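Engineer:
Here you go:
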């Protein structure tokens, strides 16, 4: 019998004892009224009230066991995981075939290379995360954690999982990991690593701020588009020592965000200032008169005057 079953049995016995004591006390008080002798009647009435008081005490004990029984017991005894019995498979009778023609055996090729199973590496904390450790409290090596329970949520009053499972379909808002623990030291470094297909996707590390025993949880709530399908693994450490590991599967494609096209700015034409040309005054020389040939009485051949070049413009 485990601790939880023992607590439930104690609650049942307390309630049963309270009902019996209450019934016997009421019967004793009623029968005492019919007794003629005063001393005997007083004694029987007192006995009845004692039984009623016992019933009230047993009822209070049942309530206390239901509220605080398990946490108090976990302070003195380490919680041990309970094995869930799996249903046995009932074999159905098979039909026996009558012998037929025996085939000639053929030569079977034996494989030359035998695949050896791969060794699963021991979980460890990466040095990059170890650099964020801030606690100087030495953890208790006897600290123990129960197997991890995965769910979509939980009730914070009693740590009851909501949507428990090991296979989750998209869309997913968050995944919560629940567990019980015992032997923890306040202030010891506690770390939770979340991995997808062996790659780290999220982690938590902080000095332990809970009690020495009880319930605890860790959760991851990224954007819904980050819950990619695959095999996930959660590892719990105290200090550098690995304590427990659990696995779950995410199936289906996550919701994708459709980008909204933002309007682009259009360049507008800017006015360009043009400088008008300015007039520049220049001095132009006027042509001078050339002498002309005069006629004489002697007929001589007069050469033609040479062409005088026209003056050019002076810049």
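Residue numbers (my numbering): 17 to 331. All C-beta atoms, glycine included, are put in the ideal place defined by N, C-alpha and C. These figures come from a predicted structure and were not determined experimentally.
1) Can you check the stretch 136–203 for any beta strand (DSSP E) of at least 3 residues that lies completely inside it and give the ranges in chain order?
2) Using only the alpha-carbon positions, how far apart do residue 164 and residue 260 sit?
3) Would you call the stretch 240–256 in contact with the stretch 173–180, where contact means no fewer than 3 C-beta pairs closer than 8 Å?
4) For residue 244, does the three-state DSSP call read helix, strand or coil?
5) Just tell me which of 231, 206 and 20 has its CA closest to the CA of residue 221.
6) Is the CB-CB distance between residue 37 and residue 71 below 9 Å?
7) Pairs of beta-carbons, one from the stretch 78–92 and one from the stretch 48–63, closer than 8 Å: are there three or more?
8) Figure out for me which residue from 66, 235 and 22 has the closest Cα to the Cα of residue 170.
9) Residue 265 lies in the alpha helix (DSSP H); which residues open and close that run?
10) Please state whether the Cβ-Cβ distance between residue 229 and residue 91 is less than 9 Å.
11) Between which two residues does the beta strand (DSSP E) holding residue 92 run?
12) Give me whichever residues DSSP pairs with residue 54 in a beta bridge.
13) Rounded to the nearest angstrom, what separates residue 32 and residue 68 at their Cα positions?
14) Below 6 Å CB to CB, which residues in the same chain sit around residue 297 once its five sequence neighbours on both sides are set aside?
15) Would you identify the three-state DSSP class for residue 212, choosing helix, strand or coil?
16) With a threshold of 7 Å on Cβ separation, who are the neighbours of residue 246 within its own chain once the five nearest residues in sequence on each side are excluded?
17) Short of 8 Å in beta carbon distance, which residues of its chain neighbour residue 244, apart from the five on each side in sequence? Order them along the chain.
18) Helix, strand or coil, according to DSSP, for residue 239 in the structure here?
19) Can you find the residues in the same chain that come closer than 6 Å, C-beta to C-beta, to residue 188, ignoring five residues on each side of it along the sequence?
20) Starting from residue 250, follow its DSSP beta bridges and name the residues at the other end.
21) Since residue 230 sits in a beta bridge, which residues does DSSP pair it with?
Structural biologist: In brief:
1) 165–167, 169–171, 176–178, 183–185 and 191–198
2) 8 Å
3) no
4) coil
5) 206
6) yes
7) no
8) 235
9) Looking at the DSSP string, residue 265 is not in any alpha helix (DSSP H); the run it does join, the beta strand (DSSP E), is 257–267.
10) yes
11) Element bounds for residue 92: n/a, residue is neither H nor E.
12) In DSSP, residue 54 forms no bridge with anything.
13) 13 Å
14) The predicted model places residue 297 with a pLDDT of 45, which falls under 50 and marks its position as unreliable; any figure quoted below should be read in that light. Hits under 6 Å: none found.
15) strand
16) 212, 213 and 266
17) 212, 266 and 270
18) coil
19) 243
20) 210 and 262
21) 197
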